[in-house]
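Structure first, then comments.
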């Protein structure tokens, strides 16, 4: 188990290798997404004349769009191509020689990225409360902790899904676009662009048994303290079941696909 | 000029034959862009379930705006995007030398070399959607208005390219384009929103300093709300200024290029 520590430390060093990039991405992206979302929703709230829409005020909507972009990064963990690029270039061979499971190694590097973004989310949320001159209560910390834990489980589910799709590159030339497509699908139905509560009733009902609403919307609302224990339990159950299905599928794809790996890059 | 045109035709030929080598990827990318279009349309369809107007536009008008930014995005993806993807890597690896010694403008070569054949299919899809929103529009418009709209949409594509270049150029100093490119894609969200939602300093930022909101929103405004000299002049001045700043920064960046890989 000692190698876990080294892998995590190496991954964090890699994330922080280009510090200018890192800070531009962190501060810039977060601020821009919140400002644009606030401008849009401000205009919608104004044109409808409502102060509350589907349980959101303009303030809580702003907070939602502060949490969700960082939560999306937690979910997406490592960049697209974390496996397929290596299969494509032939550098994947090294994992076959390491004395550790490549599944464990890759899951750990993926979740290290998620953990790091989770840390960013914690910083941003606490800063938001301070900027709003709100006292940070024990309840806020419990909601934050629970929300981050759900985000982390959601990141694991997404990682398992990413494994399945990335390994398709053992058959196809390049699956980058497939991953981007998956991201569009999961982020849209997950509530990254519009909170799930704004979807038509029939769509919300159909999404209940899918992992979509629990990947972003549920943890974000949990951080905001807007979920009930029943909702959290149901969401976690669905996530774990889907995570298990994706993990099994990943194993199956690997067991079939490993014989196709030639070790020669294109 | 003729030489450049001939060169561009060569780029096209190479790009198409390269794209045909990876057929699965070719089809995946077409589907991916269709997903992107569907998500963008769906976002506004869902929003309009809760309101009748956004920034003074109805759903029908908003769809014209959406189709124009999808078309601009498709032009960018087809003509410039792949080149913008590679440029930071060339700078970082010191591979720019090969392009600097050639007897053609490096800016022309590096920004147009890769024509994305698969995105070309999507450009056609975006164009069909653009035409569809115009044909189904219940308001009236003259042929002159339509021509002006098309010209301004093309101007939007040029402006988009200039801003993207301005985000790539810092790589000459930072050695990695990732941060700025990520920032560019995030800022790109402003293209997908009507400019009227931005107020105060955010409006100044998105209509003057980083004129993302001008790319599709101003052309749509001129088309939907009638010609307005103030909006038009603003658009022309900002386009010329952004183009000039981009050229200046590009030359400055080339002077700073050390040729060593990082």
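Residue numbers (this note's numbering), protein chains in the order written: chain A, 549 to 814; chain B, 2 to 263.
C-beta atoms are modelled at their ideal positions from N, C-alpha and C, and glycine is treated no differently.
This structure is a prediction, so every number in the text was calculated from the model and none was measured.
### Message
Which residue marks the beginning of the alpha helix (DSSP H) containing residue 798 of chain A, and which one marks its end?
### Response
As a first step, residue 798 of chain A is located in the first chain; it is residue number 250 there, counting from the start. Residue 798 of chain A -> alpha helix (DSSP H) spans 777-805.
### Task
Specify the secondary structure class of residue 670 of chain A as computed by DSSP and reduced to three states.
Position 122 of the first chain, counting from 1, holds the residue named residue 670 of chain A. Note: residue 670 of chain A maps to helix in three-state DSSP.
### Query
So which residues of chain A does residue 51 of chain B contact, with C-beta pairs closer than 9 Å?
Position 50 of the second chain, counting from 1, holds the residue named residue 51 of chain B. Within 9 Å of the CB of residue 51 of chain B, the CB atoms of chain A belong to 592, 596, 598, 601, 602 and 746, in sequence order along the chain.
### Message
For a minimum of 4 consecutive residues, which ranges assigned as the alpha helix (DSSP H) are wholly contained in the segment 20-104 of chain B?
### Response
Assignment of alpha helix (DSSP H) within the segment 20-104 of chain B, counting only whole runs of 4 or more residues, yields 24-48, 60-77, 83-94 and 98-101 in chain order.
### Message
Helix, strand or coil, according to DSSP, for residue 604 of chain A in the structure here?
### Response
Indexing the first chain from 1 puts residue 604 of chain A at position 56. In the structure shown, residue 604 of chain A sits in a strand (DSSP, three-state: E or B).
### Message
Just to confirm before moving on: does the CB-CB distance between residue 78 of chain B and residue 112 of chain B stay below 9 Å?
### Response
Looking up residue 78 of chain B in the second chain gives position 77. Looking up residue 112 of chain B in the second chain gives position 111. Between residue 78 of chain B and residue 112 of chain B, the CB-CB gap reaches or exceeds 9 Å.
### Length of the line joining the Cα atoms of residue 662 of chain A and residue 698 of chain A
Translated into the one-based positions of the first chain, residue 662 of chain A becomes position 114. Translated into the one-based positions of the first chain, residue 698 of chain A becomes position 150. The C-alpha of residue 698 of chain A is placed about 12 Å away from the C-alpha of residue 662 of chain A.
### Query
In whole angstroms, what separates the C-alpha of residue 642 of chain A from that of residue 73 of chain B?
Locating residue 642 of chain A in the first chain gives position 94, where the first residue counts as 1. Locating residue 73 of chain B in the second chain gives position 72, where the first residue counts as 1. Rounded to whole angstroms, residue 642 of chain A to residue 73 of chain B spans 42 Å at the Cα level.
### Task
Using three-state DSSP, classify residue 683 of chain A as helix, strand or coil.
Indexing the first chain from 1 puts residue 683 of chain A at position 135. Per DSSP, reduced to three states, the secondary structure at residue 683 of chain A is coil, with no helix or strand assignment.
### Message
Quick check on residue 814 of chain A: does DSSP put it in helix, strand or coil?
### Response
Here the question's residue 814 of chain A lines up with position 266 in the first chain. Because the pLDDT at residue 814 of chain A is just 49, under 50, the model does not fix this residue reliably, and the point stays unresolved.
### Task
Starting from the Cα of residue 17 of chain B, find the closest Cα among B:38, B:80 and B:85 and give me that residue.
The count along the second chain starts at 1 and reaches residue 17 of chain B at position 16. With distances taken between Cα atoms, residue 17 of chain B lies closest to B:80.
### Query
Does the Cβ of residue 19 of chain B have 16 or more other Cβ atoms within 10 Å, making it buried, or fewer, making it exposed?
The sequence position of residue 19 of chain B within the second chain is 18, counting from 1. By the neighbour-count criterion, in which a residue is buried when 16 or more other Cβ atoms sit within 10 angstroms of its Cβ, residue 19 of chain B is exposed.
### Close beta carbons around residue 91 of chain B, own chain, < 6 Å, minus the five adjacent residues each side
The residue you call residue 91 of chain B lines up with position 90 of the second chain. Residues of the same chain with a CB within less than 6 Å of the CB of residue 91 of chain B, apart from the 5 flanking positions on each side, are 97 in chain order.
### Query
What number of angstroms, rounded off, separates the C-alpha of residue 57 of chain B from the C-alpha of residue 710 of chain A?
Taking the first residue of the second chain as 1, we reach residue 57 of chain B at position 56. Taking the first residue of the first chain as 1, we reach residue 710 of chain A at position 162. Between residue 57 of chain B and residue 710 of chain A, the alpha-carbon positions lie close to 41 Å from each other.
### Message
Could you check whether the segment 45-63 of chain B touches the segment 189-206 of chain B, counting it as contact only if at least three pairs of C-beta atoms, one from each stretch, sit closer than 8 Å?
### Response
Enough Cβ pairs lie closer than 8 Å, so yes.
### Task
Check the Cβ-Cβ distances between residue 200 of chain B and every residue of chain A, and say whether any is below 9 Å.
Position 199 of the second chain holds residue 200 of chain B. Judged by the 9 Å Cβ criterion, residue 200 of chain B is in contact with chain A.
### Task
Rank B:161, B:160 and B:135 by C-alpha distance to the C-alpha of residue 150 of chain B and give the top, closest one.
The residue you call residue 150 of chain B lines up with position 149 of the second chain. Put simply, of B:161, B:160 and B:135 the residue whose alpha carbon is nearest the alpha carbon of residue 150 of chain B is B:135.
### Task
Indicate whether the contact test is met: 3 or more Cβ pairs, each with one atom in the segment 573-589 of chain A and one in the segment 723-732 of chain A, closer than 8 Å.
At 8 Å Cβ cutoff, the stretches do not touch.
#### Entry: Enclosing alpha helix (DSSP H) for residue 769 of chain A [first to last residue]
Here residue 769 of chain A is taken as the residue at index 221 of the first chain, counted from 1. Looking at the DSSP string, the run of the alpha helix (DSSP H) that includes residue 769 of chain A is 765-771.
### Three CB pairs or more closer than 8 Å across the segment 732-749 of chain A and the segment 683-695 of chain A
In this structure the segment 732-749 of chain A does not lie against the segment 683-695 of chain A, because fewer than three pairs of beta carbons, one per stretch, are closer than 8 Å.
### Query
Looking at residue 207 of chain B and residue 191 of chain B, is the spacing between their C-beta atoms short of 9 Å?
Residue numbering aside, residue 191 of chain B sits at position 190 when the second chain is read from its first letter. Residue numbering aside, residue 207 of chain B sits at position 206 when the second chain is read from its first letter. Yes, they are a contact pair.
### Message
I want to see whether chain A comes within less than 9 Å of residue 37 of chain B, judged by CB atoms only; does it?
### Response
As a first step, residue 37 of chain B is located in the second chain; it is residue number 36 there, counting from the start. Chain A contact via Cβ: present.
### Query
Taking contact to mean at least 3 C-beta pairs separated by less than 8 Å, is the segment 183-190 of chain B in contact with the segment 24-42 of chain B?
At 8 Å Cβ cutoff, the stretches do not touch.
### Where residue 2 of chain B falls, given that 16 or more other Cβ within 10 Å makes a residue buried
As a working mapping, residue 2 of chain B is identified with position 1 in the second chain. Here residue 2 of chain B is exposed, its C-beta having fewer than 16 other C-beta atoms within 10 Å.
### Task
Assign residue 251 of chain B to one of two classes, buried (16 or more other C-beta atoms within 10 Å of its C-beta) or exposed (fewer than that).
Within the second chain, residue 251 of chain B is the residue found at index 250, counting from 1. Result: buried.
### Message
So, does the segment 603-611 of chain A touch the segment 212-228 of chain B, judging by three or more C-beta pairs under 8 Å?
### Response
At 8 Å Cβ cutoff, the stretches do not touch.
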